[in-house]
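Structure, as C-alpha cells:
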Amino acid sequence: MTTTPVGRNDPCPCGSGKKYKNCCMRQKRLEAARTSSMRGEESALYAALAQFVMQSRFNTALAEGISLFWRGQYVPEAGSAIDSEGVRRMIEWLVIDYRYGPQRERLMDAFIASELKKFVAPVQELAMAWANSHAALYRYLARSGEEELSVFEPLTETTLSVRSRLLAQNAVPGDMLAGRVFELDGELRLTAATLVLPHQFEQPLVDYVRNAWQLYASEHPGADTTQFLQANGHILNAFMLSDRAESLRGLIGPGTRFSDPAIVRDRMREITRTQQRIQQAAQTSSSAPLQSEAPVHRSASGIILPGAAEPEPAAQDSEQPSSRPTILIPGRDS
C-alpha cells in the first residue's frame, strides 16, 4: 500500500482543518531532525535497548512501566498509540531509571551485564554514560556554536552548558527543555528524546518538580537532586499528563512546533475503552470489567507523583498482564 505525500498547502491529515504547513508539518520536521541528529553509536545503542526490553521475559516490567509512565492501566493493544517520540522517551526512562521485580533491578544493568560486550568501544562508552544519566529540566538561554547551548537549571538555580545539535537547530531561547542529560568526554549532553515546551510551562512545571523534590528529600535525608531525578525520571511526563498541565495544552500539539504527550495518553485510553467494550460484549459471565485507569503512585519504591490524590496500590507482582504490549519501535517498525 502506497501513501500519498501530503503537500504543504494540503489539509492536515490530523483533521484540524488547517493547512499541513500550519499544523503537523512543524512537528514532523522536528521528528525527522530528531532521528537524523542521532549519531551512529546513539542509533545503535537505542535500537539495542529497545530490542532488549521487548524480550518476553520483560513483559511484566514493560507493562508496569507503561502504566506508570502513561499514568493508567491499559490493554496491550494501547501500546500501538504511542508515537515515536513517546516511545523514545518511555524506553529511555524504562531502561535507565525504572526498577522492577522483587530485587528492584534496572534493565540497563541487565543489558550491560549480558549485552554490552557485543558492541564496539564507542557504544560501550555511551551505554555507561547513559547508565549514569538522569532527567533534566532546563530553560534555554542562548546558543553558542553549532551544538552548544547555555541553559538555566531551575531546581538548583545554576547556569550550565549542554551539547545538542538537535536543540541548537530546532529550539529557540526561552523554550523549556525537558529531557535526559548525560556526561560524555567531559561534556554534558541531552538525548535526542528531549521534549521542547513553550516558556509558559516553566513556572507550573518547576513548581511541580520542586514539590516532588521536597517530598523526596523529606523521605530520603541526605539525598541530592541528581538522586531524586534518577529515582523519579518519569516526573516530567507525569506533569504533562496531570491536571495542572491541562490549561496549558492549547499552547502545544497540532498547529504548534511542540508535542503534546497527553494526546498519546488520550488515544491509549480510547483504545482501552474500545477493547473493554468488545470484551464485555463477549462475556457470558458477570466478571468485573477491566479498569481504564489505576493508581500509579508507588512510594514504596521511592517514586513520587506530587499532588496525586490516588491511594497507594497494593503489591501487584502476581497480577501483571503476561501479554506483551504492542509498541512500534522507531527505526525498527517504521
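Start counting at 1 in the sequence shown, then tack on 10, and there's your number in this note's numbering. Glycine included, C-beta positions come from ideal geometry on N, C-alpha and C.
Delimiting residues of the beta strand (DSSP E) encompassing residue i
| i | result |
| --- | --- |
| threonine 169 | 168-173 |
| leucine 205 | 205-207 |
Local conformation of residue i per DSSP, three classes
| i | result |
| --- | --- |
| serine 160 | strand |
| proline 271 | helix |
| proline 21 | strand |
| leucine 165 | coil |
| threonine 266 | coil |
| glycine 27 | coil |
| phenylalanine 129 | coil |
| glutamine 286 | helix |
| aspartate 107 | coil |
First and last residue of the uninterrupted alpha helix (DSSP H) at residue i
| i | result |
| --- | --- |
| arginine 67 | Arginine 67 -> no alpha helix (DSSP H), and no H or E assigned at all. |
| tyrosine 150 | Tyrosine 150 -> not in any alpha helix (DSSP H); beta strand (DSSP E) instead, spanning 144-154. |
| leucine 200 | Element bounds for leucine 200: not the alpha helix (DSSP H) but the beta strand (DSSP E), 197-200. |
| phenylalanine 62 | 50-63 |
| arginine 114 | Looking at the DSSP string, arginine 114 is not in any alpha helix (DSSP H), and its letter there is neither H nor E. |
| serine 90 | Note, serine 90: premise wrong, no alpha helix (DSSP H); not H, not E. |
| leucine 239 | 235-241 |
| isoleucine 245 | 245-250 |
| alanine 222 | 212-229 |
Exposed unless 16 or more other CB atoms sit within 10 angstroms - verdict on residue i
| i | result |
| --- | --- |
| asparagine 221 | exposed |
| threonine 169 | exposed |
| isoleucine 288 | exposed |
| arginine 114 | exposed |
| methionine 85 | The sequence shown places valine at residue 85, not methionine. Valine 85 is buried by the Cβ-count criterion. |
| alanine 241 | buried |
| proline 112 | exposed |
| glycine 243 | buried |
| aspartate 185 | buried |
| serine 174 | buried |
| proline 271 | buried |
| valine 219 | buried |
| arginine 67 | exposed |
| glutamine 213 | exposed |
| aspartate 346 | For residue 346 there is no data in the structure shown, the boundaries of the chain being 11 and 344. |
| alanine 131 | exposed |
| aspartate 119 | exposed |
| threonine 166 | exposed |
DSSP beta-bridge partners of residue i
| i | result |
| --- | --- |
| valine 191 | His144 and Leu200 |
| methionine 186 | Arg149 and Leu207 |
Spatial neighbours of residue i in its chain, beta-carbon cut-off 7 Å, leaving aside the 5 residues before and after
| i | result |
| --- | --- |
| valine 63 | Leu72, Ile101, Leu104, Val105 and Leu117 |
| isoleucine 245 | Ala145, Val219 and Ala222 |
| aspartate 93 | Val274 |
| aspartate 107 | Gln240 and Gly243 |
Proximal residues to residue i (C-beta, below 8 Å), its chain only, five neighbours per side dropped
| i | result |
| --- | --- |
| arginine 153 | Leu159, Ser160, Ala178 and Pro183 |
Closer than 7 Å: residue i CB and nearest the ligand HEM heavy atom
| i | result |
| --- | --- |
| glutamate 95 | With respect to the ligand HEM, the structure offers nothing, as it holds no ligand at all. |
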